[in-house]
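As given, the protein sequences belong to chains A and B, one line each in that order. If you're matching positions, the first sequence starts at 1 in this note's numbering and goes up one per residue. If you're matching positions, the second sequence starts at 1 in this note's numbering and goes up one per residue. Here a beta-carbon is modelled for each residue, glycine too, at the ideal position from N, C-alpha and C. Reading through the C-alpha cells given below for one structure.
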Amino acid sequence: MPETPAHLSVSLWRGGQEGRYETYAVPRRESQTVLDVVTYVQRHIDPTLSYRFACRVGMCGSCAMTVNGRPRWTCRTHVAKVAGGGRLEIGPLENLPLIKDLATDMAPFFEKWQQAKGVFAPSATRGDAMARIKPDSPARKAANAAIECINCGVCYSACDTVRWNAEYLGPAALNRAWTLVNDERDSGNGARLQAVAASGGCHSCHSHQSCQEHCPLALNPTASIAGLKRRATAAYLKGELKS
Amino acid sequence: MNVRLYVWQRATAALMVPLVLIHLAVIFYATRQQMTAADILSRTHGSIAWASYYALFVAAVSIHASIGVRNVLAEWTPLGNRHAGQFAITFGIVLALLGAHAIFALVVA
Chain A
1 MPETPAHLSV
11 SLWRGGQEGR
21 YETYAVPRRE
31 SQTVLDVVTY
41 VQRHIDPTLS
51 YRFACRVGMC
61 GSCAMTVNGR
71 PRWTCRTHVA
81 KVAGGGRLEI
91 GPLENLPLIK
101 DLATDMAPFF
111 EKWQQAKGVF
121 APSATRGDAM
131 ARIKPDSPAR
141 KAANAAIECI
151 NCGVCYSACD
161 TVRWNAEYLG
171 PAALNRAWTL
181 VNDERDSGNG
191 ARLQAVAASG
201 GCHSCHSHQS
211 CQEHCPLALN
221 PTASIAGLKR
231 RATAAYLKGE
241 LKS
Chain B
1 MNVRLYVWQR
11 ATAALMVPLV
21 LIHLAVIFYA
31 TRQQMTAADI
41 LSRTHGSIAW
51 ASYYALFVAA
61 VSIHASIGVR
71 NVLAEWTPLG
81 NRHAGQFAIT
91 FGIVLALLGA
101 HAIFALVVA
C-alpha cells in the first residue's frame, strides 16, 4: 500500500472572475472529504475564504465545486478518490456567475427552474380526498427515476449546451419539469410544455450526457429531457402548443 | 432551437434517409455501368420523376442544413439567435437555388 503523504497540496480559487489559484498545505486525515479540506483552510489558514455548505451529508446540494477539473459534491467526495499525487485543485462551479472564491451565484440556476415551470401546480384543494397514485404506474415510475435531484448544480456546471447557449434552461430545470409532467396530481402541463418547447428549452439539448456522467445521485437528466422532447413534440404536432 | 425547428429538422432528416440511399445507389449503378454524362442526361432529360425526386431532395437539404447552421452559429459565434437565423435563411436560399440550377441542368437544359 503506498504511503500516504502527511500534507495535501491544495490549490483554491481566490478572488472574483479575475482571481487566481493559491496553494495551501493541508494535513492529510483518514476518511477526509474535499469539503473537510476547504473547511480546514478557512478555519486554520485564511478565514476570509468564501464557500458554501450546509448539511455535510449529501442532502442539501450546497457544496458543489469543481475538483481537479470535474464538478462534484464536495461533502461526499473523499480526498483519497480524487487527490492523485496528493494534489487538489478546487475551483467554483462553472457556467454560473462567480461571487467570490468558491461561492457562485445560483440565482440563474433557480430562475431557470421557474422558467421551466418547475413549480407544482395543484389540481385539487385541501378539501379534496388525497390522490391515490399507483406506485407501479409508468408515469409514477418515470417521476420517481428523476425525483431525487438535490439542486446541487453539478449537471448545470458540466453541461456543454449551458456553456454555449445562455438561454438554455439546463438539465436540472428540465429534469424537474419532467417529474411534474409525470405527476398525475399536477395541472400545469399546458404551460409547462409550452415553456420547455420554446427556444432554449428541451430541444436545445445535444444529448452529450455530461449531466448523467457527473450527477452525484446517478440520475439521468438526459433521459428526462428526451422524454420532454417526445411529449412536447407530440403536443406541438397535435396543435396544442404555440410555436 | 425550439420545437418547430426541431420538428422540421428531424422530419427532413427522416425524409433524406431513403433519398440519400437512392442517390448513392444511382451513383453506384452509373459508375458500375460506366455511363457517361451524355448517357445519364439522355435518361434524365424531360423526366418528371427525376425532377420531382431531386426537387424533394434539394428542399429537404436546404431546410435541414440551414437549421443546423443556425444552431452552430447561435451556439459557437457571437451572433445572436436573430442574426444566426437571418444568415441561416440566406444560406438555405442559396442551397435551394444551387440545387434548382442543378436540377434544371439535369432535366431541362
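Where the beta strand (DSSP E) containing residue i begins and where it ends
{"i": "Lys100(A)", "result": "98-100"}
{"i": "Thr66(A)", "result": "64-67"}
{"i": "Ile90(A)", "result": "87-91"}
{"i": "Ser11(A)", "result": "7-14"}
Proximal residues of chain B, C-beta to C-beta of residue i below 8 Å
{"i": "Asn165(A)", "result": "Ala74, Glu75"}
{"i": "His203(A)", "result": "Met1, Asn2, Val3, Leu5, Tyr6"}
{"i": "Ser199(A)", "result": "Met1, Asn2, Asn81"}
{"i": "Leu49(A)", "result": "Here the premise fails: no neighbours, minimum Cβ distance about 35 Å."}
{"i": "Tyr236(A)", "result": "Val3, Arg4, Val7"}
Whole-angstrom C-beta distance between residue j and residue i, which should lie under 8 Å
{"i": "Leu88(A)", "j": "Thr66(A)", "result": "Contact flag wrong, Cβ pair sits at about 11 Å."}
{"i": "Arg121(B)", "j": "Ala60(B)", "result": "The requested residue 121(B) is not part of the displayed model; chain B covers only 1 to 109."}
{"i": "Arg121(A)", "j": "Ser187(A)", "result": "Rather than Arg, the amino acid found at residue 121(A) in this sequence is Ala. That belief holds up - the Cβ atoms of Ala121(A) and Ser187(A) are roughly 5 Å apart, short of 8 Å."}
{"i": "Arg192(A)", "j": "Lys117(A)", "result": "4 Å"}
{"i": "Leu102(A)", "j": "Gln17(A)", "result": "Not a contact, Cβ separation roughly 13 Å."}
{"i": "Ser62(B)", "j": "Leu24(B)", "result": "Not quite, the Cβ-Cβ distance comes to about 20 Å (not below 8 Å), so this is no contact."}
Any C-beta of chain B under 8 Å from that of residue i
{"i": "Tyr24(A)", "result": "no"}
{"i": "His44(A)", "result": "no"}
{"i": "Ser157(A)", "result": "no"}
{"i": "Thr222(A)", "result": "no"}
{"i": "Ser210(A)", "result": "no"}
{"i": "Leu228(A)", "result": "no"}
{"i": "Ser207(A)", "result": "no"}
{"i": "Met1(A)", "result": "Confidence in Met1(A) is poor, its pLDDT being 43 and thus under 50, which makes the residue's placement too unreliable to answer from."}
{"i": "Leu174(A)", "result": "no"}
{"i": "Leu8(A)", "result": "no"}
{"i": "Ala245(A)", "result": "Absent from the model: residue 245(A). The displayed extent of chain A is 1 to 243, so no value can be given."}
{"i": "Ala116(A)", "result": "no"}
{"i": "Ala232(A)", "result": "yes"}
{"i": "Leu241(A)", "result": "yes"}
Contact check, residue i vs residue j, beta carbons under 8 Å
{"i": "Val154(A)", "j": "Ala64(A)", "result": "yes"}
{"i": "His203(A)", "j": "Met16(B)", "result": "no"}
{"i": "Val7(B)", "j": "Tyr236(A)", "result": "yes"}
{"i": "Leu21(B)", "j": "Phe57(B)", "result": "no"}
{"i": "Asn252(A)", "j": "Cys55(A)", "result": "Chain A is shown from 1 up to 243; residue 252(A) falls before or after that span and cannot be answered."}
{"i": "His78(A)", "j": "Ser11(A)", "result": "no"}
{"i": "Gly61(A)", "j": "Asn151(A)", "result": "yes"}
{"i": "Arg76(A)", "j": "Pro216(A)", "result": "yes"}
{"i": "Arg29(A)", "j": "Pro5(A)", "result": "no"}
{"i": "Gly86(A)", "j": "Ser9(A)", "result": "yes"}
Residue interval of the alpha helix (DSSP H) (run including residue i)
{"i": "Ala27(A)", "result": "Sequence check: residue 27(A) is Pro here, not Ala. That residue, Pro27(A), is in no alpha helix (DSSP H); its beta strand (DSSP E) goes 20-27."}
{"i": "Leu106(B)", "result": "81-107"}
{"i": "His263(A)", "result": "Outside the displayed range of chain A (1 to 243) lies residue 263(A), so it cannot be described from this structure."}
{"i": "Val61(B)", "result": "48-76"}
{"i": "Pro71(A)", "result": "Pro71(A) -> not in any alpha helix (DSSP H); beta strand (DSSP E) instead, spanning 70-73."}
{"i": "Arg132(A)", "result": "Counting along the chain, Arg132(A) falls outside any alpha helix (DSSP H), and DSSP gives it neither H nor E."}
{"i": "Glu111(A)", "result": "107-115"}
{"i": "Cys155(A)", "result": "154-158"}
Chain D within 8 Å of residue i, Cβ atoms only
{"i": "Leu106(B)", "result": "Annotation note: the requested chain D is absent from the structure, which comprises protein chains A and B."}
Heavy atom of the ligand SAH within 7 Å of residue i beta-carbon
{"i": "Pro171(A)", "result": "No copy of the ligand SAH appears in this structure; indeed no ligand is present at all."}
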